[in-house]
Amino acid sequence: KAGVTQTPRYLIKTRGQQVTLSCSPISGHRSVSWYQQTPGQGLQFLFEYFSETQRNKGNFPGRFSGRQFSNSRSEMNVSTLELGDSALYLCASFYGTSETQYFGPGTRLLVL
Amino acid sequence: DQQVKQNSPSLSVQEGRISILNCDYTNSMFDYFLWYKKYPAEGPTFLISISSIKDKNEDGRFTVFLNKSAKHLSLHIVPSQPGDSAVYFCAASYRRSGGSNYKLTFGKGTLLTVNP
């Protein structure tokens, strides 16, 4: 069974731009979570989607948004990029009621 | 407020010996705990988990122990192998009865180095 895939793997943007990251979950998984990893803050929860609905949201500004499609694929968008948004963005998928989340390889975003 | 803490940023052990990684938590609502292993530039890989109704779970070389009264869990790796060298993250979550909270709260990680 294929794992979680994320595209693109690497991205360079400049301040003020916006970016869209994509995540395809493991086949059969209907839930997708997004996390941001930075050296200073570690792994922090962004939001989680199940059946196209956002179930939980972390403590991030409104510039961070996401959505989930009917095939469970998910995208996250960051608008008006700031230098501090440079991070590894990780997507995880799991069964709707399972506790164990499986992570993709991440998208490394660099904001210049 | 850091609800999940891994107080040792790094740990170095000899190949074949036991590695013990520790994790403390402050939120008594947490009822499910996981350990992930992470290599640089890769996503975390799930290793092992434990529910709060248990105090031990074993999977091959990996054993997780949970002490609810102390709000402490540990991951034991026996025997340690050089390929185990990575950053290990402890994570916790809680599900209120009928709730839908699937957020994982992570510790900052411990870098394990297994020397040949």
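Protein chains in written order, with my numbering: chain A, 1406 to 1517; chain B, 1083 to 1198. Glycine included, every Cβ here is placed at the ideal spot set by N, Cα and C.
Shown here for G1408 of chain A: same chain residues with a beta carbon closer than 8 Å to its own, the five before and five after excluded, namely I1431, Y1507, G1509 in chain order. Between G1467 of chain A and F1452 of chain A a beta carbon distance of about 12 Å is seen, past the 8 Å cut, so the two are scored as non-contacting.
Taking CB atoms only, Y1500 of chain A has no neighbour in chain B less than 8 Å away. For K1185 of chain B, the chain A residues whose Cβ falls inside 8 Å of its Cβ are S1438, F1450, E1453, N1461, G1463, in order along the chain. Beta-bridge pairing by DSSP links R1513 of chain A to A:Y1415, A:L1493. By DSSP's assignment, K1138 of chain B forms a beta bridge with B:F1147. If the five residues before and after Y1114 of chain B are omitted, its C-beta is found closer than 6 Å to the C-beta atoms of S1133, S1175, all from its own chain and listed in chain order.
Here the C-alpha atom of N1482 of chain A lies approximately 13 Å from the C-alpha atom of L1416 of chain A.
Taking CB atoms only, F1171 of chain B has a neighbour in chain A less than 8 Å away. The beta carbons of H1158 of chain B and D1106 of chain B sit about 16 Å from each other, so the pair does not count as a contact at 8 Å.
The DSSP-derived three-state label of D1166 of chain B is helix. Within the DSSP bridge table, the entry for N1461 of chain A names A:E1453 as partners. Proximity of G1142 of chain B to chain A, defined by a Cβ-Cβ separation below 8 Å, is not satisfied.
Excluding the 5 residues flanking it on each side, T1412 of chain A has same chain C-beta neighbours closer than 7 Å at S1427, in chain order. Between E1457 of chain A and chain B, the shortest Cβ-Cβ separation is not below 8 Å. Here D1490 of chain A is buried: its Cβ has 16 or more other Cβ atoms, across all protein chains shown, within 10 Å. Bridge partners of D1106 of chain B according to DSSP: B:K1087, B:H1154.
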